[in-house]
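*Asks:* What follows is a single structure, and I will ask about it in a moment.
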Amino acid sequence: MGKMATREGYGKALAKLGAERPDVVVLDADLAKSTKSYEFCKHYPERFFNMGIAEASLIGTAAGLAAAGKTVFASTFAIFATGRAFEQIRNSVAYPRLNVKIAASHAGLTVGEDGASHQAIVDIAIMRALPNMTVIVPADGIEAEQAVYAAAQHDGPVYIRLGRSAVPVIYGEEHQFRIGEASQLRDGQDATIIACGIMVAESMLAAEELAAQGINVRVVNMSTIKPLHLGAVWRAAQETGGIVTVEEHNIIGGLGSAVAEFLVENAPVPLERVGVRDVFGESGKPAELLKKYGLTKEEIKEAVYQVIKRKVKY
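Each number in the numbering used here corresponds to the 1-based position in the sequence shown with 3 added.
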């Protein structure tokens, strides 16, 4: 079905949302063409504000506008949103539970040649630890577009994690994203792969190759990391007996940790986590980085093999 970056879906949604919602205001930190918030700026310049390279001011201003009744989308790169502006997000957005939607682009290793300094691989961990914060990681451009609409309707702060690179389009326009609901893309009984973001497409490829070997795995797109769809995790544990989590993020604090926390308290089954293994990235082509850091279908398949072995012993 082609490819599209999730940031493209964000830009498309903003342009449409602006026509429907006069209360929507968009802010950016001098990166509008990269984050795609420029699509909103072109049509509604009176409701768009470039805050310059000043992320703390970006979030502080967003909080003020939200306190005045606006629905605010604040855009910048993920590394700057969750790093430079953390204090403002914590104290000025999450604590008072204001209606600010932080749309953070260029997340993960696939920011590529910009290197470790710009590769946000702990942003999910930072955001999901904040009370009142909802965390969304769309799997493709279609879901990203729908997530923007869902975030606009949601009362309270939202963190939307977006990517730079074009990724396979998984969904059709009939897809209906809902905050807090996982989407099962493939059924299976031998194990379950729970993935988010760009790793959903890679997980589907792994599942197809496993099926050719007689191993049938369920694939679940957990596009909302917080609140986690606990029912989907419970069913996966009860019905398949083993789970593999897959994310373009540190295995500490992200999707894998969220699933592990639930399983250990409610449904202990073997779990394997595929992700960045607590190291920093480096400069390189996105595909090369994913391969070097173990984020391909080969590592996903190996994790499935291991979890099935552990399931038998368990």
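All C-beta atoms, glycine included, are put in the ideal place defined by N, C-alpha and C.
CB-CB under 6 angstroms to Phe76, same chain, minus the five flanking residues each way: which ones, in chain order?
*Replies:* Cβ neighbours of Phe76 beyond the five flanking positions: Val29, Lys104 and Ala106.
*Asks:* Any idea what DSSP makes of Leu133, helix, strand or coil?
*Replies:* Of the three classes helix, strand and coil, the one that applies to Leu133 here is coil, per DSSP.
*Asks:* Specify the secondary structure class of Ala239 as computed by DSSP and reduced to three states.
*Replies:* Residue state, collapsed to three classes: helix.
*Asks:* Out of curiosity, what's the CA-to-CA distance linking Gln149 and Val140?
*Replies:* Roughly 12 angstroms separates the two Cα atoms.
*Asks:* Looking at C-alpha atoms only, which residue of Leu208, Ile173 and Ala22 is the closest neighbour of Thr299?
*Replies:* The option with the nearest alpha carbon to Thr299 is Leu208.
*Asks:* With respect to the alpha helix (DSSP H) encompassing Ser260, which residues constitute its N-terminal and C-terminal limits?
*Replies:* Where Ser260 is concerned, the enclosing alpha helix (DSSP H) stretches over Leu258 to Asn269.
*Asks:* Out of Lys45, Arg280, Leu213 and Gly256, which has the shortest C-alpha to C-alpha gap to Met130?
*Replies:* Considering only alpha carbons, the answer is Gly256.
*Asks:* Looking at C-alpha atoms only, which residue of His121, Met136, Gly111 and Gly166 is the closest neighbour of Val96?
*Replies:* The candidate whose alpha carbon is nearest that of Val96 is Met136.
*Asks:* How should Asp143 be labelled, buried or exposed, when 16 other C-beta atoms within 10 angstroms of its C-beta is the threshold for buried?
*Replies:* Asp143 should be labelled buried.
*Asks:* With the cut-off set at 8 angstroms, would you say Cys199 and Ser226 are in Cβ contact?
*Replies:* The answer is yes: Cβ separation under 8 angstroms.
*Asks:* Would you call Glu268 buried or exposed, if buried means 16 or more other Cβ atoms sit within 10 Å of its Cβ?
*Replies:* Result: exposed.
*Asks:* Relative to the C-alpha of Gln216, which candidate in Phe52, Tyr308, Ala66 and Tyr152 has its C-alpha closest?
*Replies:* The residue with the shortest Cα to Cα distance from Gln216 is Tyr308.
*Asks:* Shortest alpha-carbon distance to Asp190 belongs to which of Met202, Ala214 and Glu205?
*Replies:* Comparing Cα positions, the closest option is Ala214.
*Asks:* I need the DSSP call for Gly278, collapsed to helix, strand or coil.
*Replies:* Here Gly278 sits in strand by DSSP.
*Asks:* Go ahead and pull the three-state DSSP assignment for Leu101.
*Replies:* The answer is coil: DSSP assigns Leu101 none of H, G, I, E or B.
*Asks:* Exposed or buried, which one is Ala261 when buried takes at least 16 other CB atoms within 10 Å?
*Replies:* By the 10 Å Cβ count, Ala261 comes out buried.
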